[in-house]
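In this note's numbering, the protein residues as written are 2 to 780. Quick reminder that beta carbons are idealized off the backbone N, C-alpha and C, glycines included.
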Ligand code: BGC
């Protein structure tokens, strides 16, 4: 086995030298008396027909993690020297003109080693963009496409052929450690944002990989847990986001998830990969595993999961043996290889591009700031507390005001060149920061850093306990400054979910401090602004009344401090809205009853009893109040919604709804306008409302209007009927609502569908093996 590996590795190295320094041999070359077909010259089928079984196995098994990792098989990561720190690769076969394909994370920026061989004179930094949930808060597909283009450009310049991004599992429960990497609780918002990201990345010639397919909605025991989900909830919620993005943007690759769905590991699921992804949706790219996913790589290949990542020596042997013993049909393996090679032929490297390691990081930093500015969500602003006049003296509280969380932990963490804290951003935009308070925080944070050096970025995140100022210091600040700004910070990431106490819920000490600051400042007639520097939802009900203004700044990427300062000062008018619901309390989240599953410590199974009632679908249908609703966000101006009209009172394919939005306030601003649909209750229960479309207006000057047009097609009307394996629109009255949030529906119009419509028949797939005690809405 080792012999084989050594030979293969030598071949890879040779191939790299060949590709780096010699003209590409794209024409057929002779080997003995035979002509060897070359990828790109001959058809893929001819190339596959010319491959030995060993070569086929080498293609479906990834090239090993390139970080240079010690394993029981020795060192893997033989490709150091190409793109150090990239997560994986597809192997090269020089004999057939197949170059290496480099794969790297991730959703918020390029994740490779920023320094090579301890030489810091040349660096390989990536721009750290705002976390995906924040980007989705922009509700701006054009902006996200620009971010995708910038991301793609960085991958391209660093020699990465395929990005392991975007990630967009549905945000089912606030405690999922990886929520920050995902977009939304709603499949339409999530799918549209993902499609824009994929289109942007792929416009640069770099491939995108959509992940994690499907239902990787928690990190607790993510490699083993079985998610039990109804067919309807899968199709309408969890698969839907992928269906939208894949059909719209045609990504090169799909990454399956770690977890099982209805009893089968997703990479081993023929139903998921072949029946749904390929047959129902027409996906023609290649499918890869998540890193070291599942248990049975032969079952993975058979299911249509073409590429096994990161790849180990023993797996190459396993594939060869499986074909020889008849366990794996070579025709199935051929299909895996064909799909991978089709992907390889699209890569920049295959097409002769030579990367220069010089992306335009300055340009991307500007876009990063803009993306953050467009995505900050103003949640409360009493008596126009914000914006603040420049030059004010600020008492700046909160650890993360000084050491701001800009990104998640885990594989989406980016090696960025610099980051701007909230303090730095405010200071450089003309505010004066109380020096005594700042020095207290600086000292505290420095000491804590020494006492608890940062560990690797996977697993449970240690949240630094909040610095607690003495009441004397708080009072002094209340007397000597103009306003208090207090940050509340949270971070989490891959391989661990969040805790309810001390993370989702604030600690006693944090709550007490918020109270003392609020009391002291209000006593002196001064205001208090809270900033939420978080990657996911936290409890807000118990403390939001203490603030005059509340702003959700998420984890805003490397330019975060500057973007926040621009919104605080009014240079930028906030226009972000929530892509997730902030519940009154955790126990009122529909999935809280069965998250993360049973047994609680290492859950083997998690049953999605809430069915389709995820996020606002639950709140709206069951009349459960929210702290801040899905789709909500304030502006420094106001908007009027008027003149809603639809083109027909009988359903016509499609129904067009037009509406006019006018800026009725005093400053320019943009408004996120949402289109919800209420469907008639037929054989199936229905959520009271479902998002079907959205727009962000252009920048509207005071008095200026814009008319928007939403299209509703037959599939938008339909819900999934598991009995018939079909999308069916019930006959009856449908109502379109145009709103500023899921709880602020401003205008409505109805139309009628005369007869039931079977919109689309699909494969019967992913049937749960056990009965689910499903939550039912109105019938
Ligand atoms: C993550 C993936 C990532 C892969 C490679 C896995 O742990 O789940 O999202 O792309 O590692 O780094």
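Taking 7 Å as the cut-off, the C-beta of residue 291 counts as close to a heavy atom of the ligand BGC. Runs of beta strand (DSSP E) with 3 or more residues, each lying fully within the stretch 184 to 247, are found at 208 to 214, 227 to 229, listed in chain order.
For the 8 Å CB-CB criterion, residue 281 and residue 722 do not form a contact.
With contact defined as three or more Cβ pairs closer than 8 Å, the stretch 101 to 115 and the stretch 157 to 165 are in contact. Close CB contacts of residue 648 within its chain, under the 6 Å cut and outside five residues either way in sequence, are with 657 (chain order). The beta carbon of residue 139 sits closer than 8 Å to those of 145, 372, 375, 376, 576, 577, 697, all from its chain and outside the five residues before and after it, given in chain order. Within the same chain, 641, 706 come within 6 Å of residue 663 by CB-CB distance, once the 5 residues on both sides are set aside. Scanning its chain for C-beta atoms nearer than 8 Å, with the 5 sequence neighbours on each side dropped, one finds around residue 210 the residues 104, 163, 164, 165, 166, 252, 253, 254, 255, 256, 289, in chain order. Beta-bridge pairing by DSSP links residue 691 to 678. Residue 123 counts as exposed, since fewer than 16 other beta carbons sit within 10 angstroms of its beta carbon. Within the DSSP secondary-structure output, residue 728 pairs in a beta bridge with 721, 761.
The DSSP assignment places complete beta strand (DSSP E) segments of no fewer than 3 residues inside the stretch 470 to 497 at 484 to 490, in order along the chain. Assignment of residue 429 by DSSP, reduced to helix, strand and coil, places it in the helix class. For residue 365, no pairing in a beta bridge is given by DSSP. Residue environment: residue 693 is assigned as buried (16 or more neighbouring CB atoms within 10 Å of its CB, all protein chains considered).
Between the alpha carbons of residue 150 and residue 200 lies a distance of about 8 Å. Note: residue 627 is bridge-paired with 584 in the DSSP secondary-structure output. With respect to the C-alpha of residue 713, the residue from 627, 659, 454 having the closest C-alpha is 659. As DSSP reads the structure, residue 662 sits in a beta bridge with 642, 707. The closest CA to that of residue 586, considering only 292, 538, 143, 493, is found on 538. Cβ-Cβ separation between residue 113 and residue 85: approximately 7 Å, consistent with a contact (criterion under 8 Å).
When DSSP states are grouped into helix, strand and coil, residue 523 belongs to the helix group. The beta carbons of residue 228 and residue 260 sit about 5 Å from each other, so the pair counts as a contact at 8 Å.
Look at residue 403 here: in three-state DSSP terms it is helix.
In the three-state DSSP reduction, residue 537 falls in the coil class, being neither helix nor strand.
Residue 382: not part of any alpha helix (DSSP H); member of the beta strand (DSSP E) spanning 378 to 382, first to last residue.
The residue among 635, 87, 618, 458 with its C-alpha nearest the C-alpha of residue 776 is 618.
Under the rule that a run must span 4 or more residues, the alpha helix (DSSP H) segments found entirely inside the stretch 300 to 341 read 314 to 325. If you ignore the 5 residues before and after residue 592, its C-beta comes within less than 6 Å of the C-beta of 173, 174, 611, all in its own chain and listed in chain order. The distance from the Cβ of residue 562 to that of residue 422 is about 5 Å, consistent with a contact at the 8 Å cut-off. Using a cutoff of 7 Å, the CB of residue 220 does not count as near the ligand BGC, since none of the ligand's heavy atoms is closer than that. Spatial neighbours of residue 573 in its own chain (CB-CB distance under 6 Å, excluding positions within 5 residues in sequence) are listed in chain order as 374, 567. Residue side-chain check: residue 181 keeps its Cβ at 7 Å or more from all non-hydrogen atoms of the ligand BGC. With distances taken between CA atoms, residue 636 lies nearest to 669 out of 295, 408, 669.
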